[in-house]
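J.:
2 protein chains.
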Amino acid sequence: MTHTANLTPFGMHTDFLGYNQAAKLVTRVGVIECLRGMTQAIEHNFMRWQDFTKSARIGNYSPDGVIELMPISDASDYAFKYVNGHPINTHRGLPTVMAFGALANMANGMPIFLSELTLTTALRTAATSVMAARQLMRPESHCMALIGNGTQSEFQALAFHGVLGIDTLRIYDIDEMAMRKLHQNLAPYPIEVVCCSSTAEAVRGADIITTITADNTNAIILRADMVAPGTHINAVGGDCPGKTELEASLLYKGNVFVEFEPQTRIEGELQQMPADFAVTELWQVLQKSSPGRLSPTQITIFDSVGFALEDYSALRYMYARAQEAGLLQPLELIPALQDPKNLFGLLHAQAPSSVISDRVTA
Amino acid sequence: MTHTANLTPFGMHTDFLGYNQAAKLVTRVGVIECLRGMTQAIEHNFMRWQDFTKSARIGNYSPDGVIELMPISDASDYAFKYVNGHPINTHRGLPTVMAFGALANMANGMPIFLSELTLTTALRTAATSVMAARQLMRPESHCMALIGNGTQSEFQALAFHGVLGIDTLRIYDIDEMAMRKLHQNLAPYPIEVVCCSSTAEAVRGADIITTITADNTNAIILRADMVAPGTHINAVGGDCPGKTELEASLLYKGNVFVEFEPQTRIEGELQQMPADFAVTELWQVLQKSSPGRLSPTQITIFDSVGFALEDYSALRYMYARAQEAGLLQPLELIPALQDPKNLFGLLHAQAPSSVISDRVTA
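First to last, the sequence lines map onto chains Y and H.
Using the numbering used here, read the first sequence as starting at -18 and increasing by one per residue.
Using the numbering used here, read the second sequence as starting at -18 and increasing by one per residue.
#1: Between H/I337 and chain Y, is any beta-carbon pair separated by less than 8 angstroms?
#2: When you compare only the Cα positions, how much space is there between H/G273 and H/F283?
#3: Counting only the same chain and skipping the five closest in sequence on each side, list residues whose C-beta sits under 6 angstroms from that of Y/A103.
#4: Less than 8 angstroms between the C-beta atoms of H/N130 and H/D154, yes or no?
#5: Assess, as a yes-or-no matter, whether the segment 220 to 233 of chain H is touched by the segment 50 to 57 of chain H under the definition of 3 or more beta carbon pairs within less than 8 angstroms.
#6: Apply the 10 Å Cβ neighbour rule to Y/T(-17) and answer buried if 16 or more other Cβ atoms are within range, or exposed otherwise.
#7: If I follow the unbroken beta strand (DSSP E) through Y/L117, where does it start and stop?
#8: Is it buried or exposed, H/P316, if we count other Cβ atoms within 10 angstroms and call 16 or more buried?
#9: Whole-angstrom Cβ separation of H/A60 and H/Y293, contact assumed at under 8 angstroms?
#10: List the residues of chain B that Y/A229 touches, going by C-beta distances under 8 angstroms, in chain order.
#11: Here's the rule: buried if 16 or more other CB atoms are within 10 angstroms of the residue's CB, otherwise exposed. What is Y/I193?
#12: With H, G and I counted as helix, E and B as strand and the rest as coil, what does DSSP make of Y/Y170?
#13: Going by DSSP, which residues form a beta bridge with Y/M51?
#14: In its own chain, which residues sit with a C-beta less than 7 angstroms from the C-beta of Y/H67, not counting the 5 before and 5 after it?
#15: For H/N1, which option in H/A303, H/L324, H/Q331 and H/G326 has the closest C-alpha, if you only look at C-alpha atoms?
#16: Ordered along the chain, which non-local residues of its own chain (more than five positions away) have a Cβ less than 6 angstroms from that of H/G326?
#17: Between the beta-carbon of Y/Y63 and the beta-carbon of Y/A80, is there less than 8 angstroms?
#18: Alpha carbon to alpha carbon, how far is Y/L203 from Y/D220?
#19: Against chain H, with Cβ distances strictly below 8 angstroms, would Y/R161 count as a contact?
#20: Please report the straight-line C-alpha distance between Y/W264 and Y/S271, rounded to a whole angstrom.
#21: Does the beta-carbon of Y/S96 have 16 or more other beta-carbons within 10 angstroms, so that it is buried, or is it exposed?
#22: Quick check: what's the CA-CA separation for Y/Y170 versus Y/L290?
#23: Can H/T261 and H/F238 be called in contact, C-beta distance under 8 angstroms?
#24: Determine which residues share a DSSP beta bridge with Y/V175 and list them.
#25: What does a CB cutoff of less than 7 angstroms around Y/P210 pick up in its chain, not counting 5 residues either side in sequence?
#26: Please compile the residues from chain H whose C-beta is within a distance smaller than 9 angstroms of the C-beta of Y/D(-4).
#27: With a cut-off of 8 angstroms, does the C-beta of Y/V217 fall near any C-beta of chain H?
#28: Helix, strand or coil for Y/I193? Go by DSSP, reduced to three states.
#29: Thinking C-beta only, is H/I152 closer than 8 angstroms to H/L163?
#30: Give the single residue among Y/N41, Y/K322 and Y/L117 whose Cα lies nearest to the Cα of H/A88.
#31: When the cut-off is 8 angstroms and only beta carbons count, does H/K322 lie next to chain Y?
#32: Tell me the DSSP bridge mates of H/N215?
#33: At a Cβ threshold of 8 angstroms, is H/M(-7) touching chain Y?
#34: Measure the alpha-carbon distance for H/Q31 versus H/A37 and round it to whole angstroms.
#35: Mind listing the chain H neighbours of Y/K62? Cutoff is C-beta to C-beta under 7 angstroms, in chain order.
#36: Determine, using beta carbons only, whether H/K5 comes closer than 8 angstroms to chain Y.
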C-alpha cells in the first residue's frame, strides 16, 4: 500500500474511484483477469486470517431492508464498507445492493481511498465463491446451475468460468427477462448456457449449484431432494436475518463452510440451524488446519454472506490497479491544514472578512 | 429531507460536500449562526430520542489511535460517521481528528449525501456542549475557562459566546503557540480573552470549565480541588478508552450527565468509575423526565464523548444549508442503471468490445 503517495504539502489527500472509473478499470484490466486477481487477493488475506481485527457487521433495519457497516483492520490498514440490501428496489429502478467504502491508514487514521463498491462487491462476492469452490468442489466439475439471474449472476458465471474452467451453465430465474439478460450478456464467452424452466431442471446434472436470488424471505429455493451426491452448493443469496434459500434439511446432508462464523450464524442459512450446528471457517481449510471435501459423494455447502475481509482485499486490489491505470481522482474529503491545530483557519481561507459577520444575538 | 431531489432518469445520485465547500458554507451562513442552528437541530433530535435505533460506535484500535464508525437511524433516515482519533497526528502535520460520513434513505438504502465531517464535527461537538450547558450551567454564567486550545477550541468558544452569551474566556494550553492561535482567531469577536499560565489560574472565577485536550492518556487535567461550587464542567477531551481528563474524585463531587450511557461507560470520564456509578442521559433532562441542575452550588459535569445522533443532526443541517446555497457537487458513488438487474451492463457501457478481451486461461 503506497500511503506516501497521498502526501501533499499540508498533509494528505483522498483518492476517489467512482463507478464509471471503476467500470473503465474493470473493462481495461478485463473482467476475468479482475476476478482472478481478486480471488488471489482474498485468498492471500484469508491465509493470514489471524492478522485481522474482525467484527460482525452492524445493521440498521427497516421494514424493506437493511443498511450495514463492515469494518476490519490489520496492523497497517483499515477498511470499511457501507452496503444496503433492499430486495424490492429493483421494482423502483434501483439496485438491490448499493455500496461504497474506504481504505485508511491505521497509523494516522487518514482515509486514503474512497471507492464505489457496488460493482466491486459483485466482483468480490464472485471471487470469494470461487475461492471456496476451489477447495470444496470435485476437481472434475465443469457444469454449474445458476439459480437467480440478477445483478450478480454474470460475475458468478465468469468467475467460475474464468478461474475454475466451468464450461456449462444451467440457468433459471422466476423473472424470465433477467434470465434472458444473463444469457445475452454471456453470449460473447465460450460457455454453453442452457436456459431452464425450473430450479429442479436447472440443477439436473450440475456439479455445482449457485443460489443467488434476492427474495427477502425465508424461501426454499433449493430442496434437499433436488441435490445429487457430490454436489458443491454455493449459497450466496441468503445473507441477512429472515432471508434464506436452502431447505434446512439440506444443511444436515452436507458439510457447511462459512466465512466468519459469528456473522453467518445471524445472517446466513445457518440462522435456521441450532446454535451448536457444526461449521468450518474457510480460512481453516485454506490454512489446512481443517479438511475441505472428504469424498467424491459428499455434499459441500458454502454458506456465503459476505465478510469485511473480502472488501478489504477488493479495495486494496482496485486501488492498486487504479493507481497503475491513472484512474483516480482527488477528493476534498479531509482538510489539508498548514497548522493542524488551526482548523478554524479554514474559514478565514474562504473569506477573511465575512467570518466575523455574525454577532451574538442571544 | 428532500430525498426526491436526488432522482435521476435511471435512479438517484449522491450529493457531495467537500471541506472547501463546507468552509465556504459556514462562512456564508456565519459560524455563530451555524452553531446556533446546529444546536437547535441536535436539541430537536435529542427531544425525540426514542425514535432512533442506537448503538455504541465500533472502534478499531492501533497503538497510536483509533478509527471508529458511528451509525444511527430513525424510520426514514440513516446516518453514519467515519472518524479517527490520533493525538500524535499534530506532530506529523495532520489533524488529530478527521471525519467524513453520509446520510442515506432507510426505505431504499441510497446514500443521498456524502460529506466532509472534520469541520462539521468541530461544530457539532461545540453545539452539543452548548445544548448541555444551557440545561446545566447557572443561568447567570458569563465566564468560561477553556483548557486545551487546539483544533476545536475556537468552535467551543464561539458556541458559548454566540448561543449562551459567554463574554469572558480564560484560556490555557501547554502548547503556547496553540494558545496564541486561539487568542488571535478570537480577536475579531467581542470576547474578553485572558491567557493564563496554568489550568489552576484559568479556572479561577470561571462559571464554566471546558476541558478539550488531546493527550492520549489517563491524564488529570482538572483536579477536584480546583473546582468551585456551582461550576459547570464541559469535559470534552476524554473520549476514548485510556483517555481521560478529570480526577476521579471530581466525578463524586458533582452530578454527571452523558449522551448515550453504554458508550460513555467505555469511552468517557466514566471509564474511571464503578459500573453502577449513577449518571443521567441528556435527553432525560431535555424531555424533563430528570432534573438538570438542582442548586446554585451544585457541580454539574457533562461527560461528552460524541454520539452518532449529533452527526445525524449535523449532516441534515449541513445538507439543507448546502442545498439552499447551491454548494453541492454530484458524486459518482452509486451506479445509475437503466435496468437495475443489469449491473454487468456498466462494463459494456465503457467499451462494448473489450469486455470480452480476456479469456479463460486456467
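We treat Cβ as the ideally placed atom computed from N, Cα and C, and that holds for glycine.
From a predicted model like this one, the values you see are computed outputs, not experimental measurements.
T.: By the coordinates alone:
#1: In this prediction, H/I337 has a pLDDT of 45, which is less than 50 and means its spatial position is unreliable; nothing more can be read from the coordinates.
#2: Distance between the alpha carbons of H/G273 and H/F283 is about 11 angstroms.
#3: Hits under 6 angstroms: Q133 and F136.
#4: Contact flag set, yes.
#5: Taking one beta carbon from each stretch, the segment 50 to 57 of chain H and the segment 220 to 233 of chain H have fewer than 3 pairs nearer than 8 angstroms; the two do not touch.
#6: In this predicted model, Y/T(-17) has a pLDDT of only 41, less than 50, meaning its place in the structure is not dependable; the value taken from the coordinates is given anyway. Y/T(-17) comes out exposed.
#7: For Y/L117, no beta strand (DSSP E) encloses it; the enclosing alpha helix (DSSP H) starts and ends at T99 to L117.
#8: Buried is the call here.
#9: Taking 8 angstroms as the upper bound for CB-CB distance, H/A60 and H/Y293 are in contact here, some 4 angstroms apart.
#10: The structure shown contains no chain B; its protein chains are Y and H.
#11: Flag for Y/I193 reads buried.
#12: Three-state DSSP puts Y/Y170 in coil, outside helix and strand.
#13: DSSP lists Y/K62 as partners of Y/M51.
#14: Cβ within range, chain order: D45, G46 and T77.
#15: The option with the nearest alpha carbon to H/N1 is H/A303.
#16: Counting only residues of its own chain and dropping the five nearest sequence neighbours on each side, H/G326 has no CB closer than 6 angstroms to any other CB.
#17: Against a cut-off of 8 angstroms, the Cβ pair of Y/A80 and Y/Y63 comes out as a contact.
#18: Cα to Cα, Y/L203 sits roughly 15 angstroms from Y/D220.
#19: Cβ-Cβ to chain H under 8 angstroms: no for Y/R161.
#20: Taking the CA atoms as reference points, Y/W264 sits about 9 angstroms from Y/S271.
#21: Per the 10 Å Cβ criterion, buried.
#22: The straight-line gap from Cα to Cα measures roughly 30 angstroms.
#23: In this structure, H/F238 lies closer than 8 angstroms to H/T261 by Cβ.
#24: Paired residues: Y/R151.
#25: Residues of the same chain with a CB within less than 7 angstroms of the CB of Y/P210, apart from the 5 flanking positions on each side, are T278 and I280 in chain order.
#26: Listed along chain H, no residue sits closer than 9 angstroms to Y/D(-4) by beta-carbon distance, the nearest being about 14 angstroms off.
#27: So, not an interface residue.
#28: Note: Y/I193 maps to coil in three-state DSSP.
#29: Taking 8 angstroms as the cut-off, the Cβ atoms of H/L163 and H/I152 count as close.
#30: Taking only the C-alpha atoms, the option nearest H/A88 is Y/N41.
#31: Yes, H/K322 lies at the interface with chain Y (some Cβ there is under 8 angstroms from its Cβ).
#32: Answer is H/T191 and H/F283.
#33: True, the Cβ-Cβ gap to chain Y drops below 8 angstroms.
#34: Looking at the two C-alpha atoms, the distance is approximately 16 angstroms.
#35: Under the 7 angstroms cutoff, chain H gives no residues; its nearest Cβ is about 10 angstroms from Y/K62.
#36: At a cut-off of 8 angstroms, the C-beta of H/K5 has a neighbouring C-beta in chain Y.
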